[in-house]
Ligand SMILES: [Zn+2]
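Numbering (the numbering used here), first residue to last: 1 to 209.
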């Protein structure tokens, strides 16, 4: 649940830098008046309430930091940023679930949602076939992508396959490193398919007649 703390006072504990789970911006989150941090002695940890500095958001976040002010955990959890502009809603919904799974350290579930994002991309572009491998192949005639990104689609499909089966065949494991690379690649694919054209038209609209 996301809770906004508009009109709430500031406190004396230290501020921390967090990517806001609500508005997605990175900010120096403010402490709250009269709400002190809880300090644990060993290892030294601080548990406390913070507020997003974006006045249009002011989201409440509970965080656990170490003595270097590094955020170890935040609730709601921090998410990798993602710009959904121009991307069809079903794809945004599925990919956002992948980001939520990543934020909660649910790596296998995240890989499955990344694979499902590819399924929905193929469906949106009417790329058909009896398997996802065939549909990704059919996608090559429906969208223009650099060859490396098409190769990436197949790697993402294999990552999803490993996540869905008990015995991983392609990757050693489906862990944080694999999922973070998978999410970044999926973002690049979505950007190339849905957002590049819009950027180009915006620039061209600014040209002299
Ligand atoms: Zn925010």
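The beta-carbon is built from N, C-alpha and C at its ideal position, and this holds for glycine as well. As the structure is a prediction and not an experimental result, all values here were calculated from the model.
Hey, is residue i close to ligand 1, as in C-beta under 7 Å from one of its heavy atoms?
i	result
residue 22	yes
residue 2	no
residue 57	yes
residue 63	no
residue 36	no
residue 122	no
residue 101	no
residue 54	yes
By Cβ distance, which residues of its chain are closer than 7 Å to residue i, with the 5 residues on each side in sequence left out?
i	result
residue 28	15, 17 and 53
residue 149	188, 189 and 192
residue 120	90, 91 and 94
In its own chain, which residues sit with a C-beta less than 8 Å from the C-beta of residue i, not counting the 5 before and 5 after it?
i	result
residue 212	Nothing can be reported for residue 212: it is not among the residues displayed for the chain, which extend from 1 to 209.
residue 174	107, 108, 111, 159, 162, 163 and 168
Taking its Cβ as the centre, do 16 or more other Cβ atoms sit within 10 Å of residue i, making it buried, or is it exposed?
i	result
residue 162	buried
residue 68	exposed
Determine the contact status of residue i and residue j, defining contact as a CB-CB distance below 8 Å.
i	j	result
residue 176	residue 114	no
residue 153	residue 179	no
residue 96	residue 116	no
residue 138	residue 129	yes
residue 124	residue 146	no
residue 4	residue 63	no
Output needed for residue i: all residues of its chain with C-beta closer than 6 Å, excluding positions within five of it in sequence on either side, in chain order.
i	result
residue 170	158 and 162
residue 40	none
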